[in-house]
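Heads up: the sequence shown is residues 68 to 427, going by this note's numbering. Below: one structure, written as structure tokens.
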Amino acid sequence: MIIICYLVGIIGYGISKGKQKSSEDYFLAGRNLTWPIVGISIFAANIGSSTLIGLTADAFKTNIAVYNYEWMAAVVLIIFAIFFMPFYLSSKVYTMPEFLERRYDSRARYFFSIITIVGNVIIDTAAGLYAGNLILKIIFPELDSAIIITLLVIAGLLAAMSSSISATLNSASTLITMDFILKLKPNLSSKNLVTSGQIATVILVMLAAAWAPQIEKFSSLWEYLQLVLGFIAPPVVSVFLLGLFWKRANANGAFASLLGGLILSMILILSKINDWFPVINDIHFLHTAPLLLLACLVIHICFSLLSAPPSQEKIENMTWTKAIFDQETQELTALVWYKNYRNLAVLLLLLTALIVGYFI
């Protein structure tokens, strides 16, 4: 009954919100969400059934070191809020690839969109479906006197799975609609864009469901998640870091970094599956990812230096400067201390350091 009530409620809510005709309302909630809802949404998107199952399973095998991945999220979010968020808000873009197009060119934008869509399907959505499949396989055949507690656990895991999958599907469908469909058919109405996003969501679910059984070929769900993410993320990180902090970074360097990183990532993944290079395969993914990032940075820098520098239009308001930081400082001085996100960021870092230090 708990599961049925949850499913009926979430489907009803989805149908009611699916009637929105504005693309901004559908993809960005009309930009009217308050900070508690945004925070809860981020948490719900991040903590899914793949985390509850995969993370705890690897913690059982490898102890608490696996949780270092989660502790680092606080640091990454703070860096994002301080350095990148001002550009994102002032430009009022729909997607991160829009920043890449303004900073570099359309090649970087569409390459990143494709990588993100593929990642959303094979990492988040497929893993969530696979984790939900594990829940049903493990729990249902073994119902006993603890049936009430078991159903509560199942309901909670299914809720976590739904929130995580819905967030990633919305992200991927937004990219498909705004970065591809809108470019191919720029005259589509806002209502048609919403319909396109809904159709894209259905197709992505089907693709994720088809890929999910492949996860069984890896030793654990969490290893699969981190391995694939560790190979996909470095090329993207290099493009954003250099684009934001190095004015000499140009479109050729960004495209070479994304393409070179993708080729290296494919070699690493295929080598892991087919045991091509045992020396490389024995390196833990927590070490492989930084090495891949370093390689992508070197490729980006070399190709940028070998080609003409970007135009002033590409770097104006698209690279971080102290002036932007000072302007935001003035705006924040009018707020009380607990509404100043920088103060909250310092408190969050201290809290994270205390928690990690306790376990170390």
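Glycine residues also receive a C-beta, built at the ideal position from the N, C-alpha and C atoms.
On the CB-based measure, 16 or more other CB atoms within 10 Å of its CB, does residue i come out buried or exposed?
i: N130; result: exposed
i: C72; result: exposed
i: W404; result: exposed
i: Y291; result: buried
i: E168; result: buried
i: I146; result: exposed
i: L100; result: exposed
i: T241; result: buried
i: G327; result: buried
i: L331; result: buried
i: I19; result: As displayed, the chain neither begins before 68 nor continues past 427, which places residue 19 out of reach and without an answer.
i: L417; result: exposed
i: I427; result: exposed
i: I53; result: This structure cannot speak to residue 53, because the chain is shown only from 68 to 427.
i: I78; result: exposed
Just the C-alpha distance for residue i and residue j, rounded to the nearest angstrom, thanks.
i: L294; j: F352; result: 6 Å
i: A316; j: V142; result: 25 Å
i: V105; j: A148; result: 13 Å
i: A323; j: I366; result: 7 Å
i: P412; j: I109; result: For clarity, residue 412 is Ala in the given sequence; the question names Pro instead. Going from the Cα of A412 to the Cα of I109 covers about 16 Å.
i: M385; j: S338; result: 38 Å
i: N237; j: L271; result: 10 Å
i: A111; j: T419; result: 20 Å
i: G81; j: V269; result: 14 Å
i: I69; j: G76; result: 11 Å
i: L431; j: I340; result: Coverage of the chain is limited to positions 68 through 427, which leaves residue 431 absent and any answer about it impossible.
i: Q394; j: E380; result: 21 Å
i: V346; j: A362; result: 18 Å
i: I422; j: W138; result: 9 Å
i: F166; j: K314; result: 15 Å
i: V261; j: S83; result: 14 Å
i: G264; j: L274; result: 15 Å
i: P103; j: W387; result: 28 Å
i: F178; j: L325; result: 7 Å
i: E398; j: R409; result: 12 Å
i: F127; j: F307; result: 35 Å
i: S257; j: S173; result: 23 Å
i: I350; j: I107; result: 36 Å
i: D342; j: M333; result: 13 Å
i: L329; j: T400; result: 44 Å
i: I120; j: N113; result: 13 Å
i: L335; j: N259; result: 40 Å
With a Cβ-Cβ cutoff of 8 Å, do residue i and residue j count as a contact?
i: A175; j: A318; result: yes
i: I243; j: I184; result: yes
i: L309; j: L364; result: yes
i: V133; j: L122; result: yes
i: L359; j: F285; result: no
i: L415; j: F150; result: no
i: I182; j: V303; result: yes
i: A300; j: A356; result: yes
i: A140; j: L288; result: no
i: Y171; j: A321; result: yes
i: T118; j: N187; result: no
i: I368; j: P153; result: no
i: D246; j: P377; result: no
The ligand FAD and residue i: does any heavy atom of the ligand fall closer than 7 Å to the residue's C-beta?
i: K284; result: By its list of ligands, the structure shown contains no ligand whatsoever, and the ligand FAD lies outside what it can speak to.
* Kindly provide the ranges of any alpha helix (DSSP H) runs that are 4 or more residues long and lie completely inside the region 323–393, ordered along the chain. => Runs of the alpha helix (DSSP H) inside the region 323–393: 345–348, 352–373, 379–382.
* Per the contact definition of three or more C-beta pairs closer than 8 Å, is the region 265–284 in contact with the region 182–193? -> Touching, yes.
* Asked: Are at least three pairs of beta-carbons, each pair with one atom in the region 243–260 and one in the region 196–205, less than 8 Å apart?
  -> With a cut-off of 8 Å, the region 196–205 and the region 243–260 do not count as touching, because too few Cβ pairs lie within range.
* Uninterrupted alpha helix (DSSP H) stretches inside the region 123–184 (no shorter than 4 residues) -> As far as the region 123–184 is concerned, its whole alpha helix (DSSP H) runs of at least 4 residues are 123–129, 135–146, 152–158, 163–170.
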